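Only one structure is covered here, and it is reproduced in the block below.
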């Protein structure tokens, strides 16, 4: 049955004359990753980079957008366990490459991050005029702590590089063997990056632009705290904290009682998180290190008369944090904000196109030709009370344009902390790259080259 579904999807994709640069497939848990990858490889050929991952669910509209020099095709078969979404892209002016991130045999702290970054830089500079790619779509294994990976990427690449993806899923990949990647014996693949570099040898064909938007789904609650005593094991942290109005150290039970009192009758929420602002020195190789600030979420696991327990590691004494709760009202409001941002983009393009010469063909006008979404698996129909909320900002503005994506267990999107907290200035340099209860939108548009005078 799974292979029949994959074949069905491919028949729809390949019914159009697309020349793929890459393929992404997200499949339900009843599919075999290996079988899906082999079938895709057989259909598209050995030179096409492919990533297949197991998703928490698929989001999509069946469709394709073709025009002179641009192709984006996305086909979806939706079913809880047997859903599949296949995205096949042809992006002239860009080169697509896959670079894996390997982990050594000494546990979770042995990620080969410097090698990963240098491999991307070298591959990007080989085809473009920059060591920073135009963008990165990143997939990480559930066992991988993606936080230090995102911190290193933030240090290494230009702010113009978009970063989106899924930080918690099983995956397999196939990379064209011509790529140079650093590998060590006994290493395993912890994450994989599909990145796009602008081709210096393709001038005059217009430019594909990427627009990233985030719909948040959590709200801050309670006071700011500061970590005091911090302990951790491989995958969780125990801490005590203080706040400005209370001098003594607060244990886990006291902290949670504060939050429960703040929530009152709003206590019926499925998940609590702390958002921790971390000031860290980061570097790559022998490059000069610099101080950077990151905002990272840790799920609250509980608390007792000694400690507050949260998942993951990387918290230090004196790190400030506050609590967040999932909030469908905040999610709806931020979806409307994304809707309006996309509406502004559409109005801007329509205005430019309306002033273009009547002789300009449709395919030579500014337009959005595709979109992807990485949405938290908690943002389903039951969360909003209505179906299709996360898809609506794109589909209402660009009906008929190809759109698809997945539900994730760790959506990735490069953004600023100011999106979460109105008290933070918009120019804040605090970066938040992995989110909870959020939806990350990647929208692709085409801008034609200027007309010859």
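Numbering (UniProt numbering), first residue to last: 1 to 453. Ideal Cβ placement from N, Cα and C applies to all residues, glycine included. All figures in this text were calculated on a predicted structure; none of them were measured in a lab.
Residue pairing by DSSP places residue 207 opposite 447 in a beta bridge.
Across the set 401, 442 and 404, the C-alpha of 442 shows the shortest separation from the C-alpha of residue 415. When secondary structure is reduced to three states using DSSP, residue 170 falls in the coil class, being assigned neither helix nor strand. Within the same chain, and ignoring the five residues on either side of residue 121 in sequence, the residues whose Cβ sits closer than 6 angstroms to its Cβ are 131. If you draw a straight line from the Cα of residue 169 to the Cα of residue 99, it is about 17 angstroms long. Secondary structure note for residue 53: its beta strand (DSSP E) is the uninterrupted segment 50-54. By the Cβ test, the region 239-257 is in contact with the region 305-313, since at least three Cβ pairs between them sit closer than 8 angstroms.
Using a C-beta cut-off of 8 angstroms, the region 230-238 makes no contact with the region 201-212, since fewer than three inter-stretch Cβ pairs fall below that distance.
When DSSP states are grouped into helix, strand and coil, residue 255 belongs to the helix group. Bounds of the beta strand (DSSP E) holding residue 301 are 290-303.
At the C-beta level, residue 56 and residue 407 come within 8 angstroms of one another. The Cβ atoms of residue 199 and residue 103 lie no closer than 8 angstroms to each other. Counted as a single uninterrupted DSSP element, the alpha helix (DSSP H) harbouring residue 329 occupies residues 328-354. The distance from the Cβ of residue 390 to that of residue 335 is about 7 angstroms, consistent with a contact at the 8 angstroms cut-off.
With a contact defined as Cβ atoms closer than 8 angstroms, residue 404 and residue 435 miss out at about 19 angstroms.
Taken in chain order, the whole beta strand (DSSP E) runs of length 3 or more contained in the region 87-132 are 94-103.
Buried is the label assigned to residue 141, since at least 16 other Cβ atoms lie within 10 Å of its Cβ. Each of 195, 101 and 87 was checked against the Cα of residue 123, and the nearest Cα belongs to 195.
In the structure shown, residue 375 falls within a strand segment according to DSSP collapsed to helix, strand and coil.
Under a 10 Å Cβ-count criterion, residue 276 is classified as buried, with 16 or more other Cβ atoms of the shown protein chains found around its own Cβ. With a contact defined as Cβ atoms closer than 8 angstroms, residue 339 and residue 387 miss out at about 16 angstroms.
Listed in chain order, the non-local C-beta contacts of residue 202 below 7 angstroms within the same chain comprise 92 and 93, local neighbours out to five positions each way being set aside. As the crow flies, the alpha-carbon of residue 22 is around 6 angstroms from that of residue 50. DSSP places residue 405 in the strand class (E or B) of the three-state scheme.
In the DSSP annotation of this structure, the continuous segment of the beta strand (DSSP E) that includes residue 250 starts and ends at 246-250. Bounds of any beta strand (DSSP E) do not take in residue 149; it lies within the alpha helix (DSSP H) bounded by 146-156. Look at residue 393 here: in three-state DSSP terms it is helix. Per DSSP, residue 286 is not a residue of any beta strand (DSSP E), being assigned neither H nor E. In the structure shown, residue 234 adopts coil according to DSSP, grouped into three states. In the DSSP assignment, residue 320 is bridged to 226.
Per DSSP, residue 383 lies in no beta strand (DSSP E) segment; the continuous alpha helix (DSSP H) that holds it begins and ends at 381-384. Considering only 156, 352 and 326, the residue with the shortest C-alpha distance to residue 272 is 326. Non-local C-beta neighbours of residue 44 in its own chain, meaning closer than 8 angstroms and more than five positions away in sequence, comprise 20, 23, 50 and 88, ordered along the chain. Shortest Cα-Cα distance from residue 320 to any of 302, 278 and 311 involves 278. Separation of residue 215 and residue 381 (C-alpha to C-alpha, rounded to the nearest whole angstrom) is 16 angstroms.
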